[in-house]
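S.K.: Here it is: the structure, laid out below.
Protein chains: 2
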Amino acid sequence: MFSKACKYAINAMIYVATLPEGQERAGLKEISKAVNSPEAFTGKILQELVKHDLLHSVKGPNGGFHIQGDTSKIVLSEIVEAIDGDMLFTGCALGLEKCSEDHPCPVHHKFQAIREHLTGMLMTTSLKDVADRVNIGISFLKY
Amino acid sequence: MFSKACKYAINAMIYVATLPEGQERAGLKEISKAVNSPEAFTGKILQELVKHDLLHSVKGPNGGFHIQGDTSKIVLSEIVEAIDGDMLFTGCALGLEKCSEDHPCPVHHKFQAIREHLTGMLMTTSLKDVADRVNIGISFLKY
DNA sequence: ATATTAAAAGATAAAAATATCCTCTATTTT
DNA sequence: AAAATAGAGGATATTTTTATCTTTTAATAT
Ligand code: FES
Ligand code: FES
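Chains A and B, in that order, give the protein sequences.
Count along the first sequence from 1, add 24, and you get the number used in this note's numbering.
Count along the second sequence from 1, add 24, and you get the number used in this note's numbering.
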């Protein structure tokens, strides 16, 4: 469904979102440990998220990553799109060059509903929504 | 969502299912042309489908592939599982070692519904359902 | 100012997925 | 029986994804 890179990205963003407001930033090492992802690879992914303005980074001592602004303003679909692109949202499930009503693949009509369900969920679920669940201890970022 | 191999597999199975009952089998060349997939790679995938008893093959002149029995008895989820395995149906969306209620990832509760929607659709959509759509010309296997 | 810290950037490496090619085997036709 | 056909199986190649390592750059602390 999502690439590994995308899963790491989502988990990392959630972890950063769980940090108390205005707290010191989290370093790469801390983040990759918290979400059980390979450190160097995670670094690349965080760079990408920074480029997409979903995350901010600070170099040097006590540097690290943080989210500026409200975590309720960032939704999961933004993270997915930043890392995996929009094929999940717009591509044909069976690999036709483009997904369209005019020239639909054999599962288009059935898939449409699922896609809408999925994208609707990703577009309405904020980082705050999911980070809160982690903070109160009812969901987990690793194992 | 699905691997390329799985998309080729689904399209190929649908194509074979569109052939009139009891007709001569379709050869690899014919199939891969019909669904616009790379021939040799498609051959490997069809082998796998044969191993999973979703497809039958005959060697030699006028050989090829066909489905024995009723195409309404084969559902899409069987093809997906044969090629991509069951991670789509049972794996955690965010990469936790296992998906469970006891130790859920932050999107588990939201994902559960989508997964059920998706697997429900794949388990109830038969090859005949989709092949019929192709035969009456309202959906397409390539481009 | 200098040393230290930590992310950015670039170069490689390893693994997995996709794709092709060649030989072997079974079947059919002549 | 021999030749031709077409899938099976194995080996190899390419591409993409995942992962690591090294160097550079920016910020901080001494
Ligand atoms: S055309 Fe295949 S999903 Fe829309
Ligand atoms: S635990 Fe992640 S989807 Fe169920």
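Even for Gly, the Cβ is constructed at its ideal location relative to N, Cα and C.
1) For B/PRO44 and A/LEU118, what's the separation of their Cα atoms in angstroms?
2) Go to A/SER81, then tell me how far its beta strand (DSSP E) extends in each direction, as first and last residue.
3) Note the first and the last residue of the continuous beta strand (DSSP E) segment covering A/HIS240.
4) Does ligand 1 have even one heavy atom less than 6 Å from the beta-carbon of A/LEU43?
5) Helix, strand or coil: which one does DSSP assign to B/GLY144?
6) Is the distance from the Cβ of B/MET37 to the Cβ of B/SER101 below 7 Å?
7) Just grab the DSSP bridge partners of B/ALA50 for me.
8) Quick one: does the C-beta of A/HIS132 sit closer than 6 Å to a heavy atom of ligand 1?
9) Have a look at B/TYR32 and B/LEU78 and give me their C-alpha separation to the nearest angstrom.
10) Would you say the beta carbon of A/PHE135 is closer than 6 Å to some non-hydrogen atom of ligand 1?
11) Compute the Euclidean distance between the alpha carbons of A/VAL131 and B/LEU142, then round it to the nearest angstrom.
12) In its own chain, which residues sit with a C-beta less than 6 Å from the C-beta of A/GLY67, not counting the 5 before and 5 after it?
13) Take B/ARG157 as the anchor and find which of A/LYS134, A/PHE164, A/LEU165 and A/THR149 has the nearest alpha-carbon.
14) Check this for me: beta carbons of A/SER163 and B/CYS129, under 7 Å apart or not?
15) Which full runs of the beta strand (DSSP E) of 3+ residues lie inside the segment 90 to 128 of chain B, going along the chain?
16) Return the bridge partner residues of B/SER150 from the DSSP annotation.
17) Is DSSP giving A/VAL17 helix, strand or coil here?
18) Return no unless some Cβ of chain A is closer than 7 Å to the Cβ of B/LEU142.
19) Select from the segment 47 to 62 of chain B all residues with a C-beta closer than 8 Å to any C-beta belonging to chain A, and list them in chain order.
20) Anything in chain B within Cβ reach of A/SER163, meaning under 9 Å, just list it in chain order.
21) By Cβ distance, which residues of its chain are closer than 8 Å to B/ALA50, with the 5 residues on each side in sequence left out?
22) Verify the contact flag: B/PRO62, CB atom, against every heavy atom of ligand 2, threshold strictly below 6 Å.
23) For chain A, is any of its Cβ atoms less than 7 Å away from the one on B/ILE38?
24) Measure the alpha-carbon distance for B/SER56 versus B/LEU70 and round it to whole angstroms.
25) Leaving out five residues on either side along the sequence, give the residues of the same chain with a beta carbon under 7 Å from the beta carbon of A/ALA29.
26) Could you confirm whether any beta carbon from chain B is found closer than 7 Å to the beta carbon of A/ARG139?
27) Which residue from B/HIS76, B/PRO62 and B/VAL99 puts its Cα closest to that of B/SER150?
28) Of all Cβ atoms in chain A, is any one closer than 7 Å to the Cβ of B/GLY68?
29) Quick one: is A/ASN159 near chain B, going by C-beta distance under 7 Å?
30) Distance, Cα to Cα, A/MET145 vs B/LEU165?
M.R.: Judging by the given coordinates:
1) 23 Å
2) 80 to 82
3) Chain A is shown from 25 up to 167; residue 240 of chain A falls before or after that span and cannot be answered.
4) no
5) helix
6) no
7) B/PHE89
8) yes
9) 14 Å
10) yes
11) 12 Å
12) LEU52
13) A/LYS134
14) yes
15) none
16) B/VAL99
17) No statement about residue 17 of chain A is possible, as the shown extent of chain A runs from 25 to 167 and does not include it.
18) yes
19) none
20) HIS127, PRO128, CYS129, PRO130, VAL131, HIS132 and HIS133
21) TYR39, VAL40, LEU43, ALA58, GLY88, PHE89 and HIS90
22) no
23) yes
24) 10 Å
25) ILE69 and ILE107
26) no
27) B/VAL99
28) Before going further, note that residue 68 of chain B is Lys rather than Gly in the sequence given. It does not: the Cβ of B/LYS68 has no partner Cβ on chain A nearer than 7 Å.
29) no
30) 29 Å
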